[in-house]
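K.L.:
Residue numbers (the working numbering): 784 to 1244.
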Ligand SMILES: Cc1cc2nc3c(=O)[nH]c(=O)nc-3n(C[C@H](O)[C@H](O)[C@H](O)COP(=O)(O)OP(=O)(O)OC[C@H]3O[C@@H](n4cnc5c(N)ncnc54)[C@H](O)[C@@H]3O)c2cc1C
């Protein structure tokens, strides 16, 4: 096993994935995390008001997230997630439930067949959607693609889409996936998303959900894996800066004054937290050609989760999208986690691109969302609300607005010994757990290629 020391800064999914991959490559890393717990933006906690473990936000994934799913298998957590076989999405509009459901057909036809029974778009609209999907299939995306500089909604309207198809189909997928309304996201990310999801194999758009709290799923399983294979996890270590000697990274300096020496460092912190770690605390002084500067332009978007506990079941489905309502997406956490909530039901309303809600008080949100639940789901009118809470994540994801693609940095930097991971680095994927895992894998592989691996242990998956 290599004795060379590799430090990973950040115990979010990207940093943990880097740690897992390094272990698999025969290198024992030290993963340092400033908070007392792992998981980064994907964590669960005991809510002080209700005493119940809740996630900081509903996390879902799709079958196309192949590296995330492999990571889940590698850390031994496969039985803690559930993945559907194919696309099956219940969508409610004006009291009418309709499904986007892929049929058992060969190849692409399976995913496209989901449109057939979908009643929230008329026949003409469906034909235009097929035209839009064909146009997406024929569009090439690459480095410097002009699609990063135009809005997806403009691109769609140029390709025959109207208000009906945009609101009832395209934005139904875009808003929760990119955490921003379709009117502000780049055509690059929108096109990329539909290419992977709907225009890929039948399993690609199939939805998956965690069956346990996020801190267990994303944090503790990875901790066990890394520690079991000789790596180290240290929480409560706030890295203040990188140490550089002779123009190469030689370690990290913690805010406590502790120096941890390293031959290579993987920074797996969010884009907004990178600059203060760089020499002099600025991106300009840290590398040739202002390599790091573009990352400073990456902005973030909020997600607000409204949690309501009813004293009886109010939602039969495990989750549901709701059109023409502020509800957006509603999750039945009791069923998803197979929990006994004493005959009641824990409902999570996940509000993406939550610009309108992020500054509202808990009281206001309670008034708005319990009233809306009563309007949309009549069963709630006779139910009693036993608990209520709100979780606001103001910097939940990085924004997929035009120009973002250019700002995403490579995992290998011009500063010798420094590597980057994080969902925001250049993976091609939007701000997701899949992007985080991909970035961690890439960073670890660059480290191993540059400093050499240890004795690869074939018994490690
Ligand atoms: C409410 C919400 C809902 C979401 N829903 C989904 C979803 O449905 N599907 C999906 O795929 N993704 C979803 N995401 C996005 C997903 O959580 C992120 O893409 C992913 O967790 C990012 O992981 P990361 O490791 O890149 O960054 P982070 O999770 O931000 O990890 C960075 C870590 O670095 C640590 N750190 C920062 N600075 C320092 C320092 N100086 N020293 C030491 N440690 C430091 C931080 O404390 C943090 O733990 C959601 C996010 C939120 C917040």
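Built from N, CA and C at the ideal position, the CB exists for glycine as well.
Report the option in 938, 890, 941, 948 whose CA atom is closest to the CA atom of residue 905.
P.N.:
948
K.L.:
For the alpha helix (DSSP H) holding residue 971, just list the boundary residues, first then last.
P.N.:
Residue 971 -> alpha helix (DSSP H) spans 970-979.
K.L.:
Whole angstroms are fine: how far does the CA of residue 1231 sit from the CA of residue 1160?
P.N.:
54 Å
K.L.:
Rounding to the nearest angstrom, what Cα-Cα distance links residue 942 and residue 977 in this structure?
P.N.:
14 Å
K.L.:
Given 7 Å as the limit, tell me if residue 1045 has its C-beta closer than that to any heavy atom belonging to ligand 1.
P.N.:
Answer for residue 1045: no, Cβ out of range of ligand 1.
K.L.:
Smallest Cα separation from residue 1105: which of 1054, 848, 950?
P.N.:
950
K.L.:
In the DSSP assignment, find the unbroken beta strand (DSSP E) run with residue 1113 in it and report its ends.
P.N.:
Following the DSSP letters along the chain, one finds residue 1113 inside the beta strand (DSSP E) bounded by residues 1111-1115.
K.L.:
How far does the beta strand (DSSP E) with residue 965 in it extend, from its first residue to its last?
P.N.:
Note, residue 965: premise wrong, no beta strand (DSSP E); not H, not E.
K.L.:
Quick check on this structure: which residue in 820, 1059, 1128 has the alpha carbon closest to the alpha carbon of residue 1002?
P.N.:
The shortest C-alpha separation from residue 1002 is found at 820.
K.L.:
Does the stretch 1187-1197 touch the stretch 1151-1167, meaning 3 or more C-beta pairs lie closer than 8 Å?
P.N.:
no
K.L.:
Mapping the DSSP letters down to three states, classify residue 799 as helix, strand or coil.
P.N.:
helix
K.L.:
For the pair the stretch 1007-1027 and the stretch 850-859, tell me if three or more CB-CB distances fall below 8 Å.
P.N.:
yes
K.L.:
Within its chain, find whatever has a CB closer than 8 Å to the CB of residue 964; leave out the 5 residues flanking it on each side and keep chain order.
P.N.:
954, 957, 958, 1136
K.L.:
Measure the CB-CB distance between residue 865 and residue 994 and report whether it falls below 8 Å.
P.N.:
In this structure, residue 994 lies closer than 8 Å to residue 865 by Cβ.
K.L.:
Quick one: is residue 1142 buried, meaning 16 or more other Cβ sit within 10 Å of its Cβ, or exposed?
P.N.:
exposed
K.L.:
Taking 7 Å as the line, does the beta carbon of residue 1216 fall inside it for any heavy atom of ligand 1?
P.N.:
yes
K.L.:
Quick check: does the Cβ of residue 993 come within less than 7 Å of any heavy atom belonging to ligand 1?
P.N.:
no
K.L.:
Would residue 1029 be called buried (16 or more neighbouring beta carbons within 10 Å of its own) or exposed?
P.N.:
exposed
K.L.:
With a cut-off of 8 Å, does the C-beta of residue 920 fall near any C-beta of chain B?
P.N.:
Of the protein chains in this structure there is only one, and it is not chain B.
K.L.:
Given this structure, state the Cα-to-Cα distance separating residue 996 from residue 836, to the nearest angstrom.
P.N.:
7 Å
K.L.:
Give me the residue from 1188, 1102, 1149 with the minimum Cα distance to residue 990.
P.N.:
1102
K.L.:
Using only the alpha-carbon positions, how far apart do residue 1188 and residue 853 sit?
P.N.:
25 Å
K.L.:
Go through its chain and collect everything with a Cβ distance to residue 1134's Cβ below 6 Å, but skip five positions before and after it.
P.N.:
The residues are 1087, 1111, 1140.
K.L.:
Give me the DSSP bridge partner(s) of residue 829.
P.N.:
836
K.L.:
Do you know offhand how far residue 1108's Cα is from residue 805's?
P.N.:
45 Å
K.L.:
Give every residue of the same chain whose Cβ lies closer than 6 Å to the Cβ of residue 1226, excluding the five residues on either side of it in the sequence, and list them in chain order.
P.N.:
Scanning its chain for C-beta atoms nearer than 6 Å, with the 5 sequence neighbours on each side dropped, one finds around residue 1226 the residues 801, 1049, 1194, 1202, 1204, in chain order.
K.L.:
Compute the Euclidean distance between the alpha carbons of residue 1072 and residue 1061, then round it to the nearest angstrom.
P.N.:
With a pLDDT of 48 at residue 1072, under the threshold of 50, the modelled position of that residue is not reliable, and the figure given next carries that caveat. Cα to Cα, residue 1072 sits roughly 15 Å from residue 1061.
K.L.:
Can you have a look at residue 938 and say buried or exposed, based on whether 16 or more other CB atoms are within 10 angstroms of its CB?
P.N.:
Flag for residue 938 reads buried.
K.L.:
Suppose the cutoff is 6 Å on Cβ atoms and the five residues either side in sequence are ignored; what does the same chain contact list for residue 1083 look like?
P.N.:
1178, 1181
K.L.:
Let's test the definition: count the other Cβ atoms within 10 Å of the Cβ of residue 1038 and tell me whether it reaches 16, buried, or not, exposed.
P.N.:
exposed
K.L.:
Look up residue 844 in the DSSP assignment and say whether it is helix, strand or coil.
P.N.:
strand
K.L.:
Give the straight-line distance between the Cα atoms of residue 861 and residue 992, rounded to the nearest whole angstrom.
P.N.:
11 Å
K.L.:
For residue 831, count neighbouring C-beta atoms within 10 Å of its own C-beta (all shown protein chains included) and say buried if the count is 16 or more, exposed if not.
P.N.:
So residue 831 ends up on the exposed side.
K.L.:
Could you tell me which whole alpha helix (DSSP H) segments of length 4 or greater appear in the stretch 1034-1093?
P.N.:
1054-1057
K.L.:
Mapping DSSP to helix, strand and coil, what is residue 1142?
P.N.:
DSSP, reduced to helix, strand and coil, places residue 1142 outside both helices and strands of the structure shown, so it counts as coil.
K.L.:
By Cβ distance below 6 Å, which residues in the same chain neighbour residue 1043 in space, the five residues on each side in sequence not counted?
P.N.:
790, 1034, 1035
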